[in-house]
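Heads up: the structure comes next, in structure tokens.
In the UniProt record's numbering, the protein residues as written are 1 to 294.
Pasting the structure below:
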């Protein structure tokens, strides 16, 4: 049995990752200072992973075969800039340092699509749909911290025996949020659909937490076969919008005029084609089928 340690196991994505791993036969160890880790976890330990000594103690106690690092200040501007940067970057370094130090073989680190730079006044993508080759241009401390997390992952991929990768999950929607619970922005999914200016800032990207968890599960199994240090977008196969983005995006963000012309029908602005090509993964859930469900 594979023992997999999940940091941030009580979070919006962490809960679904714990459940998916346990259902697939992993022995899951949850690490989170907040309550809410699913009961499927074999054990849960609160720990301050910004402390390198505690990180090593956690890894030494459980000696996981794999680590999924999700713990972070999860949204921009929710804490001070200095705190967000320190916590997110220190977490990524400490987890990778401690996990590789005790011989963990596979590590997946959560990043964010915000590294692309959307939300900056006057920002325009270089092309659409956006993929992993798109230039990065973080404009706030949160997105900068997530880009540093990717670079931390890449450094350990170059210098350790472990296999590592980073995932950029789009706007994560937990299962209960389809039924009307507030999302991470504080709005409901219905509000994001009814008021396009809300989701338009992030180019209408989203993913069901269970689909993102499926990608993490698949990635862990495929890591030994992949080039080390890969980065993957994880997004739904459609946009979180009632209109085609070819028409909607230029109204919300005039700088996308022309670039958005190919986003016809329900096509999203972010491409997960790399995950399909290298992992055989694709998102199964859409707001069209999930909204109103629990």
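Idealized CB from N, CA, C, for every residue including glycine.
Straight through space, the alpha carbons of residue 66 and residue 8 are spaced by roughly 15 Å.
Residue 159 has its alpha-carbon roughly 21 Å from the corresponding atom of residue 88.
The alpha helix (DSSP H) runs of length 4 or more contained entirely in the segment 64-135 are, from start to end of the chain, 81-101.
For residue 157, the enclosing alpha helix (DSSP H) covers residues 141-159.
Boundaries cannot be given for residue 25, as no beta strand (DSSP E) includes it and DSSP labels it neither H nor E.
Bounds of any alpha helix (DSSP H) do not take in residue 169; it lies within the beta strand (DSSP E) bounded by 163-169. Straight-line spacing of the CA atoms in residue 146 and residue 201 works out to 18 Å. A contact is defined here as three or more CB-CB pairs under 8 Å, and the segment 202-219 meets this definition with respect to the segment 235-242. Taking residue 119 as reference, the option from 258, 283, 252 and 70 with the minimal CA-CA separation is 252. In the same chain as residue 76, and ignoring 5 residues on each side of it, the C-beta atoms closer than 6 Å to its own belong to 140 and 142, in chain order. Taking every protein chain shown into account, the CB of residue 256 has 16 or more other CB atoms within 10 angstroms, so this residue is buried. Boundaries of the beta strand (DSSP E) around residue 3: 3-7. Here residue 106 really is in contact with residue 220; their C-beta atoms are around 6 Å apart, less than 8 Å. Between residue 43 and residue 25, the gap from beta carbon to beta carbon reaches 9 Å or more.
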